[in-house]
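Read in my numbering, the sequence shown has 156 at position 60, and its numbers run on one by one without any break.
Glycine residues also receive a C-beta, built at the ideal position from the N, C-alpha and C atoms.
Quick notes on the structure that follows.
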Amino acid sequence: MDERQKFLAQVAKEREERMRQNAISDVVEKIQSVARGRLSRKRFIQRFEKDFDEKFGLIYVEGKSSAALNSDFLKLGVLLLKLENRLEFVVRLGELCRKIAQSMFSNDKNATFAALFLDSGSNEKALSFMKSLFIKIPQILSTIDLDKVTLHKATTAIVSFLVLLTSPNLWSLSKTDQKILSTMTEVCRKYSACLLEPQQFSNLSSFLNICLKRTKPSQHADFVNNIVTVIYRVIKNSEFNEDEKITGLLAKNIYSCPGLMLLMNNTKILINSDEKKQVHQIEKNNDLINRLMKRLTVKDQPDYSTHLGPVSLTAVVCQLYQNSILTFQKLHDDIILGLSHNSILKQLWNFICNNSPKGPTHYLLSLFSADPSGSLPHFAPFSLFAHIAYTQISSLDESEMYEEGIPFSIRQLCDIAQFTNTFCFKAIWDNIIDFKQEKAEIIFLSLHKLCMLLHNRDARRSFVNDKDFWLANVSKYSGIITEFEKRTPRGQILMSKMPHLVPLKERMMLFRRLCAFDELATVDPDLYKNLTYIRKYKDSSDVADLELTFSVDEEFLGDIHTVDLPGGGRYTKVTNENKMKYVHQMAIYRVLTRTKMQTEAFVTGFRAIVNPDWLTLFSTFELQSLISGTRNDIDVADLKKNVQYYGGFHSNHRVIKWLWEIIENDFDAEERGLFLKFVTSCSRAPLLGFSYLEPPFSIRCIEVSDDQDQGDTLGSVVRGFLAIKKNKSTVRLPTSSTCFNLLKLPNYSKKSLLLEKLRYAIRAQAGFELS
Numbered sequence: 097m098d099e100r101q102k103f104l105a106q107v108a109k110e111r112e113e114r115m116r117q118n119a120i121s122d123v124v125e126k127i128q129s130v131a132r133g134r135l136s137r138k139r140f141i142q143r144f145e146k147d148f149d150e151k152f153g154l155i156y157v158e159g160k161s162s163a164a165l166n167s168d169f170l171k172l173g174v175l176l177l178k179l180e181n182r183l184e185f186v187v188r189l190g191e192l193c194r195k196i197a198q199s200m201f202s203n204d205k206n207a208t209f210a211a212l213f214l215d216s217g218s219n220e221k222a223l224s225f226m227k228s229l230f231i232k233i234p235q236i237l238s239t240i241d242l243d244k245v246t247l248h249k250a251t252t253a254i255v256s257f258l259v260l261l262t263s264p265n266l267w268s269l270s271k272t273d274q275k276i277l278s279t280m281t282e283v284c285r286k287y288s289a290c291l292l293e294p295q296q297f298s299n300l301s302s303f304l305n306i307c308l309k310r311t312k313p314s315q316h317a318d319f320v321n322n323i324v325t326v327i328y329r330v331i332k333n334s335e336f337n338e339d340e341k342i343t344g345l346l347a348k349n350i351y352s353c354p355g356l357m358l359l360m361n362n363t364k365i366l367i368n369s370d371e372k373k374q375v376h377q378i379e380k381n382n383d384l385i386n387r388l389m390k391r392l393t394v395k396d397q398p399d400y401s402t403h404l405g406p407v408s409l410t411a412v413v414c415q416l417y418q419n420s421i422l423t424f425q426k427l428h429d430d431i432i433l434g435l436s437h438n439s440i441l442k443q444l445w446n447f448i449c450n451n452s453p454k455g456p457t458h459y460l461l462s463l464f465s466a467d468p469s470g471s472l473p474h475f476a477p478f479s480l481f482a483h484i485a486y487t488q489i490s491s492l493d494e495s496e497m498y499e500e501g502i503p504f505s506i507r508q509l510c511d512i513a514q515f516t517n518t519f520c521f522k523a524i525w526d527n528i529i530d531f532k533q534e535k536a537e538i539i540f541l542s543l544h545k546l547c548m549l550l551h552n553r554d555a556r557r558s559f560v561n562d563k564d565f566w567l568a569n570v571s572k573y574s575g576i577i578t579e580f581e582k583r584t585p586r587g588q589i590l591m592s593k594m595p596h597l598v599p600l601k602e603r604m605m606l607f608r609r610l611c612a613f614d615e616l617a618t619v620d621p622d623l624y625k626n627l628t629y630i631r632k633y634k635d636s637s638d639v640a641d642l643e644l645t646f647s648v649d650e651e652f653l654g655d656i657h658t659v660d661l662p663g664g665g666r667y668t669k670v671t672n673e674n675k676m677k678y679v680h681q682m683a684i685y686r687v688l689t690r691t692k693m694q695t696e697a698f699v700t701g702f703r704a705i706v707n708p709d710w711l712t713l714f715s716t717f718e719l720q721s722l723i724s725g726t727r728n729d730i731d732v733a734d735l736k737k738n739v740q741y742y743g744g745f746h747s748n749h750r751v752i753k754w755l756w757e758i759i760e761n762d763f764d765a766e767e768r769g770l771f772l773k774f775v776t777s778c779s780r781a782p783l784l785g786f787s788y789l790e791p792p793f794s795i796r797c798i799e800v801s802d803d804q805d806q807g808d809t810l811g812s813v814v815r816g817f818l819a820i821k822k823n824k825s826t827v828r829l830p831t832s833s834t835c836f837n838l839l840k841l842p843n844y845s846k847k848s849l850l851l852e853k854l855r856y857a858i859r860a861q862a863g864f865e866l867s
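Following this line, the structure appears as structure tokens:
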């Protein structure tokens, strides 16, 4: 190769290298551009999410107000809809909808979103935003997961938003002028017309099916009613209210949802046309079923040939109701409440007793011996009675149950409690129940639920005379403990489901071996009193006069927030028909929902230390007593036997004798509790007695102030024993060291002086100055 060729080859090589370097530079620039753009967008999104959360109160920033203006709704809302793939999008959308809905009740033109529709500079943008929102919401609802608490809360806000934003007559700004109302109605018609598209009907249908296919659809009846109300309202206000296409979409997507009619408060169709045959055909299904049911007679009932005897008409009717409860779970509460009348419950109990010559327990056990599956109609009165009795007794206050005898007398309550307790025990101990049989398990669980309710009510205020009423006999409960320690199935089931069969002391001893190292009345007595007043309301013919809604106002950081009990509850008034539902939902909210986070945190920490299986040894009230002691009067004799004396005091010392005489004779139960609290910081005695108090209860004679006290010395003991310097003790009060369960008692000269000083000390509600 000559010089010329070498030169050309070198030039070509350099050219290729330059081209390669240029290509690399182009790629690097593109990568940098994409990376910078991505980082810039990420920073923008993070900044937007922070601004959104601060503005709408999702996070609290000290010194910044969470109040948002209507311009903020529009600005931040438009950006939010472009970030639908972000985490927490649905939560932020729900908060946006909630804030916009709240603003509609304001007359401030800078706060209410409705004012943007009247501003020539923002009306087009606001209308476009609302159209986008009404298109996006059905898409979100069609795939929502209602099992997640945050998403359920967001769904409530979104559905309430749809209800309010399709009702211009409810907006505060529209109420001021008829012309404004006309303008708002036209604007509402424009953006709500987006819901009339076929895809939107399909999305709303998916959401309705999500609500209806849940285990308890009745809990989401408000969602169903609100969505159907919105659809009817939009159709009625649109120019397509007589369109055949709209009718077809209704029939295909809305009325075809299974069980829809059962959850709707009002099944009247708001559009009327002779050509809407599909809709009318679906509506008439209920009427057809009713006509067929009227033709059924007693003769048409199946013949149950069994040696147990003929099936009574009462048992067949009970089975009909029982099957209805199990089949139509969304109507479970409605059916039970409809049957919750004193006369029905008493007649059902009398029927059970009259058909059980050897007692209900023996009769029901013989039924299971004949039919372990529990499918015969003979079982139905027992399970239906248990369902109704549980619902009614759980809602009674103590005056109704114990004084008025509603629905049963004390004698009858004892009979029912004995029946359920004995049956549940024998069914498990003798392996009579096959828990693999669904119907048999349902019967057992309904009776067991009633049994535990009666046991808990008895624990709160006893209605039985025998202290061993709930216990199995000695041989049985010792056998239960043995079976439990051997981890046999029946031992495990009995100790988890019916621990009260074994005496509390035996279970505590078992617990110590294992651990080698109506509630609302307690939580909120005022709310309990108010709900009882609503349930018994007699001041007028209708509780609606109280102007209550299915919502509760909560104060948080100085602001009042309205919380809906069901979805859209603030728009649902409490009436005579739904007041029981209101009472139950309010109690559930106060006891469970409101304290859910705190309770879960406590339970998680508690279970990390104590095996959860061990807790099944005790009922709710027993566990409370185990932790904090009993409310009974303290056993003074037991306390005297387990006290230790120091500083010259002894059991025969006159001051000590005066002390015990005062505690036993001069103090009442309340003062004895205050005395115990003064010394130990707890007014309740140890559950197993004062011998288990650690450190032991102690009393020491003291002649100097606490800061000069050096404990027991030879001099202090002699002075205490001989009562030297006793005159200086008359001005001093008794003191205590609660960490050591120690009572420091001066050597008083008179019993009356001791009584005066001790009573003052225990009632002073003192802190460290006397402790």
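Take residue i and list the residues in its own chain whose beta-carbon comes closer than 7 Å to its own, dropping the five residues that flank it on each side.
| i | result |
| --- | --- |
| LEU175 | PHE144 |
| LEU179 | ILE141 and PHE185 |
| VAL800 | Confidence in VAL800 is poor, its pLDDT being 49 and thus under 50, which makes the residue's placement unreliable; the coordinate value appears in the next sentence. Counting only Cβ-Cβ distances below 7 Å, and skipping sequence neighbours, we find nothing. |
Helix, strand or coil for residue i? Go by DSSP, reduced to three states.
| i | result |
| --- | --- |
| SER655 | The sequence given here places Asp at residue 655; Ser does not occur at that position. Residue state, collapsed to three classes: strand. |
| ARG100 | helix |
| ARG796 | strand |
| LYS669 | strand |
| TYR598 | The residue asked about is misnamed: residue 598 is Val in this sequence, not Tyr. VAL598: coil per DSSP, three-state reduction. |
| ASP318 | helix |
| LEU463 | helix |
| ASP649 | strand |
| GLU865 | Low per-residue confidence applies at GLU865: pLDDT is 39, beneath 50, and the placement is therefore not dependable, though the value from the model is reported in the following sentence. GLU865: coil per DSSP, three-state reduction. |
| SER369 | In this predicted model, SER369 has a pLDDT of only 41, less than 50, meaning its place in the structure is not dependable; the value taken from the coordinates is given anyway. In this structure, SER369 counts as coil in the three-state DSSP scheme. |
| GLU379 | For GLU379, the pLDDT reaches just 47, beneath the cut-off of 50, and the residue's location in the model is therefore unreliable, leaving the point undetermined. |
| VAL394 | Note that VAL394 scores 49 on pLDDT, short of 50, meaning its location in the model is unreliable; the coordinates nonetheless yield the value given after this. If DSSP states are grouped into helix, strand and coil, VAL394 belongs with the helices. |
| LEU722 | helix |
| LEU214 | helix |
What number of angstroms, rounded off, separates the C-alpha of residue i from the C-alpha of residue j?
| i | j | result |
| --- | --- | --- |
| LEU597 | ALA765 | 30 Å |
| ALA119 | GLY190 | 49 Å |
| TRP710 | ILE795 | 37 Å |
| SER439 | LEU472 | 25 Å |
| THR578 | ALA568 | 14 Å |
| LEU772 | LEU722 | 18 Å |
| ALA555 | MET594 | 14 Å |
| SER558 | ASP493 | 14 Å |
| ALA108 | LYS102 | 10 Å |
| ASP429 | ILE489 | 15 Å |
| LYS151 | PHE169 | 10 Å |
| VAL245 | MET605 | 40 Å |
| VAL670 | LEU644 | 5 Å |
| LYS847 | VAL751 | 7 Å |
| LEU266 | PHE698 | 43 Å |
| GLN128 | ARG114 | 21 Å |
| ASP641 | TYR633 | 10 Å |
I'd like the span of the alpha helix (DSSP H) that includes residue i, first residue to last.
| i | result |
| --- | --- |
| SER833 | Unbroken run through SER833 is the beta strand (DSSP E), 831 to 833; no alpha helix (DSSP H). |
| VAL187 | 185 to 199 |
| VAL407 | Where VAL407 is concerned, there is no enclosing alpha helix (DSSP H), given that its DSSP letter is neither H nor E. |
Short of 6 Å in beta carbon distance, which residues of its chain neighbour residue i, apart from the five on each side in sequence? Order them along the chain.
| i | result |
| --- | --- |
| GLN377 | At GLN377 the pLDDT is 47, less than 50, meaning the model places this residue with poor confidence; the figure from the coordinates comes in the next sentence. Here the set comprises nothing. |
| ALA513 | LEU550 |
| LEU366 | In this prediction, LEU366 has a pLDDT of 39, which is less than 50 and means its spatial position is unreliable; what the coordinates show is noted afterwards. Excluding positions up to five away in sequence, the list reads TYR328 and LYS332. |
| HIS749 | none |
For residue i, tell me which candidate among the options has the shortest Cα-Cα distance.
| i | options | result |
| --- | --- | --- |
| PHE319 | ILE254, PHE559, ILE331 and SER278 | ILE254 |
| LEU304 | LEU480, GLY344 and ILE350 | ILE350 |
| ALA857 | SER787, HIS437, LEU849 and PHE774 | PHE774 |
| GLN681 | SER491, GLU500, PHE786 and GLY173 | SER491 |
| PHE257 | HIS458, ASP147 and MET226 | MET226 |
| SER408 | ASN450, LEU441, TYR629 and LEU849 | ASN450 |
Hey, quick one: how far does the beta strand (DSSP E) through residue i stretch, first residue to last?
| i | result |
| --- | --- |
| TYR741 | 739 to 742 |
| LEU789 | From DSSP, LEU789 is part of no beta strand (DSSP E); its letter is neither H nor E. |
Excluding five sequence neighbours on each side, which residues of the same chain lie with their C-beta closer than 8 Å to the C-beta of residue i?
| i | result |
| --- | --- |
| LYS271 | ASN265 and LEU277 |
| GLN720 | none |
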